[in-house]
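Per the working numbering, the very first residue in the sequence shown carries number 67; after that it's consecutive. Here a beta-carbon is modelled for each residue, glycine too, at the ideal position from N, C-alpha and C. On a predicted model such as this, the values are computed, not experimentally measured, just so you know. Reading through the structure tokens given below for one structure.
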Amino acid sequence: MASVSAERGRTTRQRLLDAAVPLINEVGWGGVSTRLVAERAGVAPGVVHYHFSSVTGLLIEAGIGFAGVMFEQFLKELSSRATIGEGVDWMLGELSRYSGTDPASLLIVEMYLASTRQPELRARLNELLARFRAETASWLRERGHPGDAMAEATVLAAAVDGIMLHHALDPGLDLATLAGPLRALFVRADA
67 MASVSAERGR
77 TTRQRLLDAA
87 VPLINEVGWG
97 GVSTRLVAER
107 AGVAPGVVHY
117 HFSSVTGLLI
127 EAGIGFAGVM
137 FEQFLKELSS
147 RATIGEGVDW
157 MLGELSRYSG
167 TDPASLLIVE
177 MYLASTRQPE
187 LRARLNELLA
197 RFRAETASWL
207 RERGHPGDAM
217 AEATVLAAAV
227 DGIMLHHALD
237 PGLDLATLAG
247 PLRALFVRAD
257 A
């Protein structure tokens with residue numbers, strides 16, 4: 067009986083997390099309320115606070131969970147690229163999928179903005195980004211990059227964020243034209 071109850075609790079918790087992500091996109095981080103999440107998840111409002119200490123806690127868990135999966139997929143695809151040049155080209159192609167108004171772009175932008183006011187979100191997002199930079203630096207080293215891989219992975223991560231924002235503001239931006247400048251960060255014969 068206890069395992070059935072525990073499973074039901076896990077299922078309800080996941081429904082709340084799944085409900086929160088699109089709400090962040092629809093009404094913004096600050097616009098999500100207990101009532102909205104409960105309605106979307108099909109539960110009573112008190113259930114939200116049974117599973118999470120606050121709506122902010124729920125939003126942090128939902129956002130970090132979504133971003134973590136997104137970063138993992140990105141890193142997995144990046145690791146399958148044999149050269150740095152192939153990786154840069156793939157990244158730019160991948161970024162062209164994000165319009166700035168798509169759910170993933172909206173969520174990341176909302177999280178970055180909210181992290182300026184939410185220390186817990188800032189810390190958790192920083193952990194994700196630190197792991198992203200470390201794994202990107204490792205990928206650079208594995209491909210024989212002779213420079214400061216960690217510094218350049220940081221610049222690359224910041225460039226990805228910036229390109230995503232610029233592409234959102236200027237959908238006509240030809241991301242393929244950015245391959246040369248990005249490749250120049252990693253001057254190599256085989257890049």
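Alpha carbon to alpha carbon, how far is residue j from residue i? Give it in angstroms, no decimals.
| i | j | result |
| --- | --- | --- |
| S99 | Y178 | 19 Å |
| L251 | R147 | 17 Å |
| E152 | T77 | 40 Å |
| E208 | T202 | 10 Å |
| A86 | G108 | 12 Å |
| P88 | P169 | 7 Å |
| L195 | W156 | 20 Å |
| G94 | D240 | 28 Å |
| L248 | V154 | 7 Å |
| I174 | H211 | 29 Å |
| T74 | G134 | The question names Thr, but residue 74 in the sequence shown is Arg. If you take the alpha carbons of R74 and G134, they lie about 24 Å apart. |
| P237 | A180 | 24 Å |
| R214 | R183 | Before going further, note that residue 214 is Asp rather than Arg in the sequence given. Cα to Cα, the separation comes out at about 32 Å. |
| G246 | R197 | 26 Å |
| S165 | P111 | 34 Å |
| M136 | A72 | 28 Å |
| I90 | R163 | 20 Å |
| T224 | L124 | Correcting the residue type first, residue 224 is Ala in the shown sequence and not Thr. Going from the Cα of A224 to the Cα of L124 covers about 27 Å. |
| L82 | E176 | 18 Å |
Compare the C-beta of residue i with all C-beta atoms of chain B and state if any pair is closer than 7 Å.
| i | result |
| --- | --- |
| V109 | This model lacks chain B altogether; it includes just one protein chain. |
Going by Cα to Cα distance, which pick from the options is closest to residue i?
| i | options | result |
| --- | --- | --- |
| P185 | G213, I126, R81 | I126 |
| A104 | A196, G96, N91, D84 | D84 |
| L244 | V70, E160, S181, T182 | E160 |
| R199 | V221, S181, L89, R79 | V221 |
| R106 | R79, A180, D214 | R79 |
| T149 | L124, S204, F137 | S204 |
| L242 | I90, L158, S171, T167 | The question names Leu, but residue 242 is Ala in the sequence shown. A242 has its Cα closest to that of L158, out of I90, L158, S171, T167. |
| T167 | G246, A217, L235, F132 | L235 |
| S171 | G96, L82, V226 | V226 |
| L187 | L82, G131, L206 | G131 |
Should residue i go down as buried or exposed, given a rule of 16 or more other Cβ atoms within 10 Å for buried?
| i | result |
| --- | --- |
| A189 | exposed |
| V114 | buried |
| Y116 | exposed |
| N192 | exposed |
| A219 | buried |
| E92 | exposed |
| G129 | buried |
| V70 | exposed |
| S145 | exposed |
Are at least three pairs of beta-carbons, each pair with one atom in the segment 90–108 and one in the segment 120–140, less than 8 Å apart? yes
Do the segment 230–241 and the segment 137–147 meet, that is, are 3 or more Cβ pairs less than 8 Å apart? no
In chain order, each alpha helix (DSSP H) run of at least 4 residues that lies wholly inside the segment 110–174: 111–117, 121–145, 150–161
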